[in-house]
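For the record, the sequence lines run as chains Z and F. Residue numbering for the first sequence follows this note's numbering, beginning at 77 and increasing consecutively. Residue numbering for the second sequence follows this note's numbering, beginning at 77 and increasing consecutively. Taking it in order: structure first as structure tokens, then the write-up.
2 protein chains.
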Amino acid sequence: MTWHLARRTALMNPSSIREILKVTERPGIISLAGGLPCAEAFPVDAVREASARVLRDAPYASLQYASSEGLPELREWVAEHLRGAGMCVDASQVLITTGSQQGLDLLGKVLVDAGSRVAVESPTYLGALQAFNVFEPEWISVACDDDGPVPEGLVSAQGARLLYALPNFQNPSGRCIGAARREALATAARAVGLPIVEDNPYGELWYDERPPVPLAAHWPEGVAYLGSFSKVLAPGLRLGYVVAPAALGSKLLQAKQAADLHTPGFNQRIVLDILRTDLLSHHLNAMRARYKSQRDAMADALRLHFPDSCRWETPRGGMFFWVQLPAGVDARALLPHAVERGVAFVPGEAFYAGRSNPATMRLSFVTTTPQQIDRGVRMLADALKTMA
Amino acid sequence: MTWHLARRTALMNPSSIREILKVTERPGIISLAGGLPCAEAFPVDAVREASARVLRDAPYASLQYASSEGLPELREWVAEHLRGAGMCVDASQVLITTGSQQGLDLLGKVLVDAGSRVAVESPTYLGALQAFNVFEPEWISVACDDDGPVPEGLVSAQGARLLYALPNFQNPSGRCIGAARREALATAARAVGLPIVEDNPYGELWYDERPPVPLAAHWPEGVAYLGSFSKVLAPGLRLGYVVAPAALGSKLLQAKQAADLHTPGFNQRIVLDILRTDLLSHHLNAMRARYKSQRDAMADALRLHFPDSCRWETPRGGMFFWVQLPAGVDARALLPHAVERGVAFVPGEAFYAGRSNPATMRLSFVTTTPQQIDRGVRMLADALKTMA
Chain Z
77 MTWHLARRTA
87 LMNPSSIREI
97 LKVTERPGII
107 SLAGGLPCAE
117 AFPVDAVREA
127 SARVLRDAPY
137 ASLQYASSEG
147 LPELREWVAE
157 HLRGAGMCVD
167 ASQVLITTGS
177 QQGLDLLGKV
187 LVDAGSRVAV
197 ESPTYLGALQ
207 AFNVFEPEWI
217 SVACDDDGPV
227 PEGLVSAQGA
237 RLLYALPNFQ
247 NPSGRCIGAA
257 RREALATAAR
267 AVGLPIVEDN
277 PYGELWYDER
287 PPVPLAAHWP
297 EGVAYLGSFS
307 KVLAPGLRLG
317 YVVAPAALGS
327 KLLQAKQAAD
337 LHTPGFNQRI
347 VLDILRTDLL
357 SHHLNAMRAR
367 YKSQRDAMAD
377 ALRLHFPDSC
387 RWETPRGGMF
397 FWVQLPAGVD
407 ARALLPHAVE
417 RGVAFVPGEA
427 FYAGRSNPAT
437 MRLSFVTTTP
447 QQIDRGVRML
457 ADALKTMA
Chain F
77 MTWHLARRTA
87 LMNPSSIREI
97 LKVTERPGII
107 SLAGGLPCAE
117 AFPVDAVREA
127 SARVLRDAPY
137 ASLQYASSEG
147 LPELREWVAE
157 HLRGAGMCVD
167 ASQVLITTGS
177 QQGLDLLGKV
187 LVDAGSRVAV
197 ESPTYLGALQ
207 AFNVFEPEWI
217 SVACDDDGPV
227 PEGLVSAQGA
237 RLLYALPNFQ
247 NPSGRCIGAA
257 RREALATAAR
267 AVGLPIVEDN
277 PYGELWYDER
287 PPVPLAAHWP
297 EGVAYLGSFS
307 KVLAPGLRLG
317 YVVAPAALGS
327 KLLQAKQAAD
337 LHTPGFNQRI
347 VLDILRTDLL
357 SHHLNAMRAR
367 YKSQRDAMAD
377 ALRLHFPDSC
387 RWETPRGGMF
397 FWVQLPAGVD
407 ARALLPHAVE
417 RGVAFVPGEA
427 FYAGRSNPAT
437 MRLSFVTTTP
447 QQIDRGVRML
457 ADALKTMA
């Protein structure tokens, strides 16, 4: 029996990161490869208490089918939270999703035809490439510098269905787009009629100062905004949201209904219950302190152990350092030498839609201790020497 | 700002059932319209105890990112359960999904190109039409009689990417395909090389006798099988699964990863915990007894109140009666008369991919008491008289 597969399956590939992560499960390996938040920081007690309260106060509603839009009170919380961050949002624009990865899938369904152009930063988030690839786009990488996409470069994306951007502490590069650049980008995108999908999983993980207001605040009707509870509470609950301009709302909702009917009501109620306590701000402060010390440890270790021929910026938030290796060094070739010494990382190559820079690597600092970070970076520097 | 929508959005429409269900929320309306299981039958205590145990024994793993395939122990349980039902399944073939609706979305992604043919029963499950419509198929309705699709009719679907079939107590028609017909269908499908997507949300809800073995048991390499915990435990946890032949496995997994990374690990562990107790078989027995008495009440009420000009079969399981009204009666025109009297139902029209039969309606019996069922059916018969 031969199954006739859809054409799009040719664009769907096993994640190279998954393969690398398998290596890191070997005992004794210090993994700077992961993209996971630190599990020890999860608010387990709060989830336990919230689960019990939800099953006491609303057992049937939590376990029954629910509306595709999401729980009204949670949508209202999201809208209010985003208004506090400078956006102009009504709860009716908020669609609760099964993680923000699902938001990418739904936006792809609603906006991308086979062969239509989709613009991305360079490098960009691998999961967005995977989500949109299902809809067979033609990729455009817009010109980027250390402050994000260059506004003048957006003309090259004129006519594209969307520009996907991750302004806050981007995965993988860690960079945060500055306030002036955000305004200039929104103006340039509006001028060429290029809609933006703004993804913000890491915005609350700032260690020096709160990031500037979102792109969506500068151009509400031209930006679809994605948020997530994965990095601020716990990813295993799979809870995110899309905030869409009215023009997209009904089609996104129909796509959501077709995709999984609705996001688990039990999970939505647990998170809502937690948001109604004062846990979140305390929890975020504790997480920022924890991650900041790990970020600082990695900054110190890189300064101490890495050669001058490597380049990196210390990220002001998020989970990752992005290191430019000396020209000619292929990070994929470096990986086995690193693993042999007991440390793993992700070669940067996977994070490009177009021409990739093989002399790049992503280092995560949130799941290892400052001591492990120092040891891991030292081993990495040692492995680098073999590549000279 | 004008967003350029993908072509497929023209095929995505608001669910007419959702509009009808809004009417049924009016106080005092007896709703025979819903497709929801009875919330009072949910195993709330078991979910409460399981949640507490999971958060005690595996708090970090439950709340962290997890594998896209699903929890290994849950995949193993599903495989064993299906082997008990006559299928030949290895755990490696099981993909855990966010409700079985997601299974339809993933199969659509992997199997359906724009313009490729997809065959369905007539009538068929509305949610499958919505899920596959996103991939812009050309629909074919295969010939059906009271025992399901007619094997000789499958030649008309030769070259289609799949035949979607719901053999057990179909939504909306309630019919269960007999053992001989299943074998004949599998043989006919194999002969014309027509893969089958077999959806089985209602198989455990049998009231007279267990349904025959699945189509997948007759043709393992040609059938992708969908199952769900929504009707046997609780839909609000959004937990289902796809069992796919090896030829589809890796592509389905990549589609799953792109769609929502993974199904909530917390929910998977809760259900696994419940499955490891002896609750399920007791719970299913209690649900069968409850739903059977409601089914019997509706059978009695229809026999008592409905005119001879209507036709229906008493379903041997599931949640629905499907009533053929006298030719020329449009169930949509009947609906306002019924609602005026205080009862709601779903006109059959929505459940067809091609030419619909407007003289049909779907009546759910699981969320109303036997007394309400009798009153509702009486009011419906009364409304029918106005249509003569």
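The C-beta atom is built at its ideal place from N, Cα and C for all residues, glycine as well.
Under the three-state reduction of DSSP, glutamate 214 of chain F is assigned to strand.
Between leucine 239 of chain Z and the set Z/Leu183, Z/Glu280, Z/Thr390, the nearest pair of CA atoms involves Z/Leu183. Considering only beta carbons, the part of the region 293-316 of chain F lying closer than 7 Å to chain Z consists of Glu297, Gly298, Ala310, Pro311, Gly312, Leu313, Arg314, in chain order. Fewer than three beta-carbon pairs drawn from the region 312-322 of chain Z and the region 410-421 of chain Z are found closer than 8 Å, and the two stretches are therefore not classed as touching. No Cβ of chain Z is located within less than 9 Å of the beta carbon of phenylalanine 245 of chain F. For threonine 173 of chain F and aspartate 376 of chain Z, the gap between their C-alpha atoms comes out near 43 Å. Excluding the 5 residues flanking it on each side, alanine 204 of chain Z has same chain C-beta neighbours closer than 6 Å at Leu180, Tyr240, in chain order. Looking at the backbone, the Cα of alanine 117 of chain F and that of alanine 407 of chain F are separated by about 31 Å. The alpha-carbon of alanine 260 of chain F is positioned some 30 Å away from that of phenylalanine 211 of chain F. DSSP places serine 198 of chain F outside both helix and strand once states are collapsed to three, so it counts as coil. Look at the beta carbons and you see the region 275-295 of chain Z touching the region 383-395 of chain Z: at least three pairs across the two are nearer than 8 Å. For valine 186 of chain F, the chain Z residues whose C-beta falls within less than 7 Å of its own C-beta are Leu81, Ala82, Thr85, listed in chain order. The three-state secondary structure of proline 311 of chain F, taken from DSSP, is helix. Note on aspartate 275 of chain F: 16 or more other CB atoms within 10 angstroms of its CB, so buried under the neighbour-count rule.
Taking the Cβ atoms as the reference, alanine 262 of chain F lies roughly 4 Å from histidine 294 of chain F, within the contact range of under 8 Å. Nearest neighbour of valine 231 of chain F by Cα position, chosen from F/Gly224, F/Ala219, F/Phe397, F/Asp223, turns out to be F/Ala219. Taken atom to atom, the span from the alpha-carbon of arginine 438 of chain Z to that of serine 326 of chain Z is near 38 Å. Scanning its chain for C-beta atoms nearer than 8 Å, with the 5 sequence neighbours on each side dropped, one finds around arginine 84 of chain F the residues Ala190, Asn209, Val210, Phe211, Glu212, in chain order. Considering only beta carbons, the part of the region 257-270 of chain F lying closer than 8 Å to chain Z consists of Arg266, Gly269, in chain order. Cβ neighbours of glutamine 177 of chain F within its own chain (closer than 8 Å, five residues either side excluded): Gly203, Ala207, Gly316.
At a beta-carbon threshold of 8 Å, the residues of chain F lying near asparagine 343 of chain Z are Pro340, Phe342, Asn343, ordered along the chain.
For the region 156-175 of chain Z, the residues whose beta carbon sits under 9 Å from a beta carbon of chain F are, in order, Thr173, Thr174, Gly175.
Within its own chain, the residues whose Cβ lies closer than 7 Å to the Cβ of methionine 374 of chain F, once the five positions on either side in sequence are excluded, are Phe397, Leu439, Phe441, Ile449, Val453, listed in chain order. Residue environment: glycine 162 of chain F is assigned as exposed (fewer than 16 neighbouring CB atoms within 10 Å of its CB, all protein chains considered). For glutamine 330 of chain Z, the enclosing alpha helix (DSSP H) has its first and last residue at 322-336. At a C-beta separation below 7 Å, alanine 142 of chain F has these neighbours in chain Z: Gly312.
Glutamine 246 of chain Z sits in coil when the DSSP states are folded into three classes, being neither helix nor strand. Chain F has a Cβ within less than 9 Å of the Cβ of phenylalanine 118 of chain Z. Proximity of chain F to tyrosine 136 of chain Z at the Cβ level (cut-off 8 Å) is accounted for by Ala115, Glu116, Phe118, Val120, in chain order. For leucine 291 of chain Z, not one C-beta of chain F is nearer than 9 Å to its own C-beta. Interface criterion not met: the Cβ of phenylalanine 427 of chain Z is under 9 Å from no Cβ in chain F. In the DSSP assignment, isoleucine 272 of chain Z falls within the beta strand (DSSP E) that extends over 272-275. Taking the Cα positions, leucine 309 of chain F is about 7 Å away from proline 119 of chain F. Contact between serine 217 of chain Z and glycine 430 of chain Z holds, with the beta-carbon distance rounding to 4 Å and staying under 8 Å.
The beta carbon of lysine 461 of chain Z sits no closer than 9 Å to any beta carbon of chain F. Residue pairing from DSSP places proline 423 of chain Z in a beta bridge opposite Z/Met437.
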